[in-house]
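Okay, structure first, notes after.
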Amino acid sequence: MDSEAAKTARDSLDLAFHMSNILDTGLDRHTLSVLIALCDLGLNPETLAAVVKELRAQQPSPSPSAP
């Protein structure tokens, strides 16, 4: 990947991450990058969203910290 393509990819990820934060998705930059790469490979974005929701639903709730 040449430097111009790398800059464009970085700028695109920055924009997607900014939109993700505005929408309060809770996705970090790395996770968002992986999801975008999977979409670029042809995976269905709606299916990926469903998987993310399912994985979040399966996470145990954080226990309250002791005072």
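In my numbering, each number is its position in the sequence shown, counted from 1, plus 1133.
Each residue gets a CB set at the ideal place from its N, CA and C atoms; glycine is no exception.
These numbers come from a predicted model, not from an experiment.
Three or more Cβ pairs closer than 8 Å define a contact, and the region 1146 to 1154 meets that threshold against the region 1164 to 1181. With contacts defined as CB atoms closer than 8 Å, L1188 and L1181 fail to qualify as a contacting pair.
Taking A1149 as the centre and dropping the five residues before and after it, the same chain places the C-beta of L1165, I1169 closer than 7 Å to its C-beta, in chain order. Going by DSSP, D1147 is part of the alpha helix (DSSP H) stretching over 1136 to 1155.
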